[in-house]
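Sequences listed follow chains A and B, in order. Take 280 as the starting number for the first sequence in the numbering used here and just add one per residue. Take 419 as the starting number for the second sequence in the numbering used here and just add one per residue. Note that the Cβ used here is the ideal one computed from N, Cα and C, for glycine as well.
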Amino acid sequence: KAGVTQTPRYLIKTRGQQVTLSCSPISGHRSVSWYQQTPGQGLQFLFEYFSETQRNKGNFPGRFSGRQFSNSRSEMNVSTLELGDSALYLCASSLGGQGIYEQYFGPGTRLTVT
Amino acid sequence: AQTVTQSQPEMSVQEAETVTLSCTYDTSESDYYLFWYKQPPSRQMILVIRQEAYKQQNATENRFSVNFQKAAKSFSLKISDSQLGDAAMYFCAYRHPDKLIFGTGTRLQVFP
C-alpha cells in the first residue's frame, strides 16, 4: 500500500504571497491532519479533517486554512505569507472514525518564505 | 491543556547497548493514547510504538519497549541492542481525541 504523499516537497515563496500544499492519504484512510514543524516551536497541530469536515483546529491564525475532498485528499492554504511561516509542513493520515488510530506521516513540504 | 515533556534534548548510546528516552505528560483524561515517533535525518516521521492508557501491560515492538507508569504520567522508551540506524530524533506524543501533542524531541546518537 502506498504511503502518504505530499506535494510539492520544496517550495520558496515571497512574503505576502499565498501557497497551497497538497496531501494524499493512504488508501482507505479518511482522516488527514496537518502539522507545522519549526526549530523554535517544534511540532504544532494545525487542523484535522475527516470526511470533508474540519474536526479539530489548533491555535493558528485564520491565514491558515484547509479543506478535504471526497477522495480524502487534503489541501492546506496559507495566505499573506510571513517570514515566520517558513517551516516543514507535515501531513498525517489515519483511518479516522470511532476509536483512536495511528497517524502515518508523509515526507513533508519544506516551505521557505523570503 | 495537555502537555508533553521530553527533558533530554540529546542522548547517545554505543552500538549494541541499551538506551532509555524519557517522556512525561500532563492530562486530566483517563483514556488516551501515547506514541513514540522516530524522525531520521530524511525527515519522514515513523511510528515506533503505541500504548493505550487503559492497558496496564507495557507495549513492545521488537527491540523497542515502553515503561508506562500511568499514575506518574510517565512514558519512557527503551531501545535494546541499539543499531546505527536508530540514530534520529525521537518524539513522544499524546493523543486525545483527534490531535497529537508532541514533546520537543530527543536527538539520539548511536556510536559504533
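If I'm right that residue i touches residue j with Cβ under 8 Å, what's the distance once you round it to whole angstroms?
i	j	result
asparagine 356 of chain A	glycine 345 of chain A	7 Å
lysine 292 of chain A	leucine 390 of chain A	7 Å
histidine 308 of chain A	glycine 387 of chain A	The Cβ separation is near 17 Å, so there is no contact.
alanine 419 of chain B	aspartate 499 of chain B	In fact, because the Cβ distance is near 37 Å, the residues do not count as touching under 8 Å.
serine 440 of chain B	serine 494 of chain B	5 Å
proline 529 of chain B	glutamine 432 of chain B	First, the residue type needs correcting, since residue 529 of chain B is phenylalanine and not proline in the sequence shown. Yes, they are in contact, since the Cβ atoms of phenylalanine 529 of chain B and glutamine 432 of chain B sit about 5 Å apart, within 8 Å.
Can you pull the chain A residues whose beta carbon is under 8 Å from the beta carbon of residue i, in chain order?
i	result
arginine 468 of chain B	Glu381
Kindly list, in the order they appear in chain A, the residues whose Cβ is closer than 9 Å to that of residue i.
i	result
threonine 522 of chain B	Gly321 and Leu322
Which residue wins for smallest C-alpha separation from residue i, given the options the options?
i	options	result
glutamate 447 of chain B	B:Thr421, B:Leu465, B:Ser425 and B:Val437	B:Thr421
aspartate 504 of chain B	B:Asp444, B:Leu465, B:Ser425 and B:Thr423	B:Leu465
alanine 511 of chain B	B:Pro458, B:Gln474 and B:Gln469	B:Gln469
threonine 423 of chain B	B:Glu435, B:Thr445, B:Ser483 and B:Pro530	B:Thr445
glutamine 462 of chain B	A:Thr284, A:Glu381, A:Leu390 and A:Leu374	A:Thr284
glutamine 474 of chain B	B:Leu526, B:Arg481 and B:Asp449	B:Asp449
proline 318 of chain A	B:Gln426, B:Thr522, B:Ile467 and B:Ala506	B:Thr522
serine 349 of chain A	A:Ala366, A:Glu331 and A:Asn335	A:Glu331
lysine 488 of chain B	B:Tyr451, B:Asp499, B:Thr438 and B:Met429	B:Tyr451
leucine 322 of chain A	B:Thr524, B:Ser498 and B:Arg481	B:Thr524
proline 287 of chain A	A:Gly295, A:Glu354, A:Phe343 and A:Arg334	A:Glu354
tyrosine 472 of chain B	B:Asp499, B:Phe486 and B:Ser500	B:Phe486
asparagine 335 of chain A	B:Thr478, B:Gln432, B:Leu518 and B:Gln426	B:Leu518
leucine 367 of chain A	A:Gly295, A:Glu381, A:Tyr328 and A:Phe324	A:Phe324
isoleucine 497 of chain B	B:Thr436, B:Val431 and B:Thr478	B:Thr436
arginine 352 of chain A	A:Phe329, A:Phe343 and A:Ser358	A:Phe329
serine 312 of chain A	A:Pro340, A:Phe326 and A:Gln296	A:Phe326
phenylalanine 453 of chain B	B:Ser460, B:Tyr508 and B:Leu526	B:Tyr508
threonine 299 of chain A	A:Ser306, A:Glu381 and A:Ser358	A:Ser358
cysteine 302 of chain A	A:Tyr383, A:Arg294 and A:Arg342	A:Tyr383
Report the neighbours of residue i on chain B: residues whose CB is nearer than 7 Å to its CB, in chain order.
i	result
glutamate 331 of chain A	The contacting residues do not exist; glutamate 331 of chain A stays about 15 Å from chain B at best.
glycine 295 of chain A	Result: empty, since nearest Cβ-Cβ is about 27 Å, beyond 7 Å.
glycine 387 of chain A	Arg461
In chain A, which residues lie less than 7 Å from residue i when you measure between Cβ atoms?
i	result
methionine 463 of chain B	Leu369 and Phe384
phenylalanine 509 of chain B	Leu322
Just mark residue i as buried or exposed, buried being the case when its beta carbon has 16 or more other beta carbons within 10 Å.
i	result
serine 310 of chain A	buried
glutamate 361 of chain A	exposed
aspartate 364 of chain A	buried
lysine 456 of chain B	buried
proline 515 of chain B	exposed
proline 304 of chain A	buried
tyrosine 314 of chain A	buried
glutamine 446 of chain A	Limits of chain A in this structure are 280 at one end and 393 at the other, which puts residue 446 of chain A out of reach.
glutamine 320 of chain A	exposed
glycine 385 of chain A	buried
alanine 506 of chain B	buried
serine 289 of chain A	The sequence as given places tyrosine at residue 289 of chain A; serine does not occur at that position. Tyrosine 289 of chain A comes out exposed.
alanine 477 of chain B	buried
alanine 281 of chain A	exposed
arginine 513 of chain B	buried
glutamine 296 of chain A	exposed
glutamine 527 of chain B	exposed
Any Cβ of chain E within less than 9 Å of the Cβ of residue i?
i	result
lysine 473 of chain B	No chain E is part of this structure, whose protein chains are labelled A and B.
For this session: Would you mind listing the beta strand (DSSP E) stretches within the stretch 328 to 385 of chain A that are 3+ residues and don't spill past its ends, in chain order?
Result: The stretch 328 to 385 of chain A contains these whole beta strand (DSSP E) runs: 332 to 336, 343 to 347, 353 to 357 and 366 to 373.
For this session: Any chance you could list the beta strand (DSSP E) runs of at least 3 consecutive residues sitting entirely within the stretch 284 to 310 of chain A, in chain order?
Result: Segments of the beta strand (DSSP E) lying fully in the stretch 284 to 310 of chain A: 284 to 286, 289 to 292 and 298 to 303.
Exercise. Which runs of the beta strand (DSSP E) fall wholly inside the stretch 441 to 466 of chain B and span at least 3 residues, in chain order?
Worked result: Runs of the beta strand (DSSP E) lying entirely within the stretch 441 to 466 of chain B and spanning at least 3 residues, in chain order: 442 to 444 and 451 to 457.
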